Each structure stands twice: as structure tokens, then as C-alpha cells.
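Protein chains in written order, with the working numbering: chain A, 1 to 409; chain B, 1 to 245.
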């Protein structure tokens, strides 16, 4: 597979010579280590055959019209097939609120694995956005990542966001695509200065045979607030990673994930939270609902450094299996080097409550609808944690649209 | 309205109902009394078609239809209601959402349109008021944190909103203080009409002081062993099941 990629790396390096060094060194790393496999502890629950067997080549530019989701947004940013689509974007509202530059290549996060190396080598989006200090962007920004090639192609995008001191922004990222075995591989690096607030919503709704691999890196400085909410729907393989590093006292990090995993889908979540300094809080909630032969996994590691006293770190992980062939994996981990901290983690796996299902049936509610209602109740309180009401409703709508179908092939 | 013939049902390997016969006509209120383990709750669950209750023999006919061939929710759509002995808590689902889903499900089963939100709210508020239920409780999760009495009152509100043709009330009086018993009884009496039927399952006479049954049955060991007028309940209270049955 490296041969076909090599040609693309060389072509992209020639097109934008400034990126050549990053691309070539990343590609070297990719060639040396290859893509991860089940033998790698962090990837033990993933199924990567769709990528490793086919080595999808880059998607071509497209002029297809992309329908946005309904909502009141400051701006729409559209990336189609891994290219910024100016015509379909509406960024006028960002004037004076968000600055855009080319990627800060000197400060890219080092590649953790072959996926990330390939992302650096093959990216066709490389951009850095900055919200200047003190700027509050009231309405959310909508970033739409669409893959519409129809022939099992890939898009690699790398983006950086710098939220200045005291600034605040809410971004919803919508990853979606056609039903082919296409692949979206995204890296998003975020720096939050003192007192910055970033609400980060991700709706990852892949097409039937599609694969998503994504990594978010967040560095939170003093009193910064990071709140993420990830809703995973569809696809054969979705791997969503968040890596939060708390480097400033008084910072708060929240990483929430809801996976609605249907038959033959694999939703794989990995988070790392690194408490480097004292006096910070992290709070992670994960819930999954898994249908027959579906698989959803959560691996979450919290590390508390020796100096990170008074850390509060919570991890809660709950899964509901709709069938005996559904698979849930939970691996919460704590590594604590400080002695005065409060850390907790819990994981439960269960089924829908039979008594409640009968109660609903005894009130005339048909089984499919009864199950959907109980699932909605199970994930409902997760959505309460999304502060923006419009986004909360949008996410709930998206969740509801698949709830009744879960497990009904 | 409902005819039960030679009903045999088992839970797991043990047969609980052993040839039960019962007929209730429109406009009638029947009460079934009997000692613990007689199979009273099994009868209620079997009428509703709960999956762990297996009918091995006999029939249940509701308004000419073979009830046993229908799923639980379909039986409810046909107009049957079960008031639970132990109402179930459903965290995350509000009472209002629960009631609206239930009402619209039964309407859809009957080929009717969903009820508009405004009309629904009007009906629910009125029924809650009739049963002296705090409207705030409608917003709370179904039965979560409700007292025993509040749960039974909630069951009665559900019955009033769904307005069934035939209601089976499984020990609706248990866990009620005297005021709550009176309110719940008023709710049951409001459901008593020429075109409805009610089957009350109870241990005690006291509910029957408020809701006077037309017929009282004594159930022992999976069968109805004696039937009579409301005076039979008084006799039971006085002499106990052993002497009467």
C-alpha cells in the first residue's frame, strides 16, 4: 500500500513545497511503523481491515451540493472530499472573530501512530484558526466534513485552533459521507489560553461502509474550559480519540461520548487525560447502546502527575446491549503519582429493563417504540450536558433518527 | 365483554392457573379475592400477555376477539388496561412523555391520528386535577421517587387518560392511606360506565366499601371456587378464605 501513497505524497509536496518536509518525514515514519493492528494495546478493539486491505487513495475535488444541518450558526465551513469548499461555505460572520492562517507546521503534535503520520503526509486541508483574546463568539460555528466520492476514497485533514485568553467559541463538527468504503482521517489540535472556553461538539455519522479515524489534541491552560460531546452513528469503523492535557491550574475538561452502535458497526473511543498541574478537574461520561453484532469500546486513561495535587478526575462508562451478540468493551485506567487527589472510574454493562418494557407494552406502546423510549432515557441525561439548546436539540434529533432502527436490520 | 374459559397458565414449570372460568359483561364491576399464591396476579398478567406467563390451555375472548393471539400492546390497543400492583420506575422518561406515547400508541393501533399536544395537555391536566395529583409530578420521571400512594394515583391517572373498555386493577388499594384510597376509588368509579368493565384484584374488603362490585369471586389454587354478590366480600372478611371456600 505504501507505493500508491508515495506517489500522492510526492505530488502534494510538489504542489505546496512548504509542506514537503513535514510530509516526507511523516511518510518515512508511516513506512517504518505502518498502521496499528489489534496487537497494539490501544487498538485491540478496532477492526481496520477496511483501511489496511484497500489503502484508499485521495478523494477528488467535487462540486456536489452539500446540505447543511438546520440551525442558527455564526458561520458554515464546508470541507468536501478533503478540500475547503469556499462556494458552499458562509464565513462572512467570522469577520473580526476568527483568523485563518496556514497550518503551523513547526508546532504540529508529533505523530502517535501510522494513522497520524499518514494524516501529515497526505493532508489536503492544513489550516490554523485563531479566536483572538477576549473575543466571544455567541452562536456556534458549523464545520461540515463531507466525503462524496462514491468510490471508497480518503480525505486527510489537519486543523489547529488557538483560543486566546478569555475568548469563547462553540464549534460543531459534522463528519458524514457516502455509503462507499470511504475513509475520513482527521487531526485537530487545540490550544486554550488562560480562561478560554471551547465547547466542541462532534457528530460523526458515517455512511454504511465508511471508516472514520480522528484525533483531537487539547492543551488547556489556566482556568480554561474544554467541553466536548461526541455522538457516534453509523459506519463500519469509527475510531474517535481525544487527548487532553491540562497544563494550567483551575482548568476544566469534559469529554462526553454517546455511541449508538448498530449491527456490524464498530465504534471505538479512546481518551487520555493528563493532569500535569495541580488543582484541575476532568469529567468524562461515556454511554453506548449496541445492537446485535455491533461493537462499542471505551478506553480511557487518566494520568495524574506527581505535582498535580487536588486533582478531581471522574470517568463513568455505561453500555446497554440490545442483543446477546452485541459487544461492549470498557477499559478505564487511572495512573496516579500525586497523593492528594480524588479520582474515580466506573463501568457497567447491562440490558434494557424487561420490567420497564412490559410496563410500556401494558400501556399500549409497541416494542420498537418502547425500546427507543428507554434508550432515549438512557442517553438523555448525556445530552443535558450540552449547554447550547439548539445544538442539544440537533443532536437529540440525530440520535432519535436512528434509535428505532437500532437492531432492526 | 370478556370471557375466560378453562384457562391454564404456567410460570416456568409450575402451573398457576388451573382451569379458570370468568365472564364479565359491559357495565359490570367484578372483584377477585383470594389468599396469597392463589394466582390472582398471574391472572392479571396472563390477560395482558406477559411473556413469562405461558397459557397451556383454554381461551380468553375480548369483544369476540381471541386475545391470546395478540401481543401485549395490541391487547391494550383493543381497550384493555392493567393497573400494576407495583408500578415500574422509568428514570429518564417523564410522566408526560410516557402518557403521550401511550395514548398515541393506542390511537395509532386503532387507526386514529395522534392527539395534538394542546388537546393532550388539556386532558392530562384535567385528569390529574380530578385525582388531586400535583401537576408538577407530570414533569417528573415515571414513578421515580414517588411514594406508594403517589404511584397508585399515577396508575389511576394513566387509566383515566387511556380510558380503557376493560380495566384490570391488581391490588390498586395496597399501600394507600385512607385519603388516597378515597381519591383512587373516585377515579375507579369515574371509569365505571355502561360501556366499560372493571376487574379488581384485592386482598381486602376496604376498597370494596368505596367501589361496590356487582360480583365477587373467591379464587383458590388457580380456580374460581365461589362467586356471589358484594355480601360475599363481607363474609370473607369475617370468616376467612378457608371457611367460605
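For glycine and all other residues, C-beta sits at the position ideal for the given N, C-alpha and C.
Predicted model, so just to flag it, every value in this text is computed and none were measured.
| Query | Result |
| --- | --- |
| With contact counted as at least three CB pairs below 8 Å, one residue from each stretch, are the stretch 25 to 37 of chain B and the stretch 262 to 279 of chain A in contact? | no |
| Using a 10 Å radius around the Cβ and a threshold of 16 neighbouring Cβ atoms, would you call residue 102(A) buried or exposed? | exposed |
| Distance check for residue 20(B) and residue 57(B), CA to CA, integer angstroms please. | 10 Å |
| Considering only the beta carbon of each residue, do residue 275(A) and residue 296(A) sit closer than 8 Å? | no |
| Could you spell out the range, first to last residue, of the beta strand (DSSP E) harbouring residue 367(A)? | Premise fails: residue 367(A) lies in the alpha helix (DSSP H), 367 to 383, not in any beta strand (DSSP E). |
| Under the rule that 16 or more other beta-carbon atoms within 10 Å means buried, what is residue 376(A), buried or exposed? | buried |
| Taking CB distances under 8 Å as the criterion, tell me whether residue 69(B) reaches chain A. | no |
| Run through chain A and tell me which residues come within less than 8 Å of residue 224(B), C-beta to C-beta. | Result: empty, since nearest Cβ-Cβ is about 23 Å, beyond 8 Å. |
| Kindly list, in the order they appear in chain A, the residues whose Cβ is closer than 9 Å to that of residue 9(B). | What residue 9(B) touches in chain A: nothing, since even the nearest Cβ is about 16 Å away. |
| With distances taken Cα to Cα, identify the nearest neighbour of residue 61(A) among 47(A), 43(A) and 85(A). | 85(A) |
| Would you call the stretch 172 to 182 of chain A and the stretch 199 to 213 of chain A touching, i.e. three or more CB-CB distances under 8 Å? | yes |
| At a CB distance below 7 Å, what residues from the stretch 48 to 63 of chain B approach chain A? Give them in sequence order. | 48 and 50 |
| Less than 7 Å between C-beta atoms, sequence neighbours within five positions excluded: which residues of the same chain meet that for residue 76(B)? | 106 |
| Going along chain B in order, which residues have a C-beta closer than 7 Å to the C-beta of residue 402(A)? | Per Cβ cutoff of 7 Å: no residues; residue 402(A) is ~18 Å from chain B at best. |
| Can you grab the Cα-Cα spacing for the pair residue 132(A) / residue 97(A), in whole Å? | 7 Å |
| Quick test of the definition: if touching needs 3 or more C-beta pairs under 8 Å, does the stretch 227 to 239 of chain B touch the stretch 199 to 218 of chain B? | yes |
| Would the stretch 132 to 151 of chain A count as touching the stretch 166 to 177 of chain A if we require 3 or more Cβ pairs under 8 Å? | yes |
| Would you mind reading off the limits of the alpha helix (DSSP H) that contains residue 4(A)? | 2 to 15 |
| Taking Cβ to Cβ, would you say residue 181(B) is nearer than 8 Å to residue 102(B)? | no |
| Is it a yes or a no for the stretch 47 to 66 of chain B touching the stretch 6 to 26 of chain B, going by three-plus beta-carbon pairs under 8 Å? | yes |
| Please identify, using Cβ separations under 8 Å, the residues of the stretch 188 to 201 of chain B that lie next to chain A, in order along the chain. | none |
| Which value, in whole angstroms, describes the spacing of the CA atoms of residue 186(A) and residue 342(A)? | 33 Å |
| Report all residues from its chain with a CB closer than 7 Å to the CB of residue 114(A); omit the five preceding and five following residues, and keep chain order. | 30, 33, 34, 35 and 36 |
| So the beta strand (DSSP E) residue 358(A) belongs to, where does it begin and stop? | First-last for residue 358(A): 354 to 361, but that is the alpha helix (DSSP H), not the beta strand (DSSP E). |
| Under 8 Å, with one C-beta from each stretch per pair, do the stretch 38 to 54 of chain B and the stretch 199 to 208 of chain B reach the 3-pair mark? | yes |
| Nearest by alpha-carbon distance to residue 344(A): which of 316(A), 55(A) and 294(A) is it? | 316(A) |
| Quick one: using the 10 Å Cβ neighbour count with 16 as the cut-off for buried, is residue 18(A) buried or exposed? | exposed |
| Between the beta-carbon of residue 322(A) and the beta-carbon of residue 406(A), is there less than 8 Å? | yes |
| Exposed or buried, what is residue 110(B) when buried is set at 16 or more other beta-carbons lying within 10 Å of its beta-carbon? | exposed |
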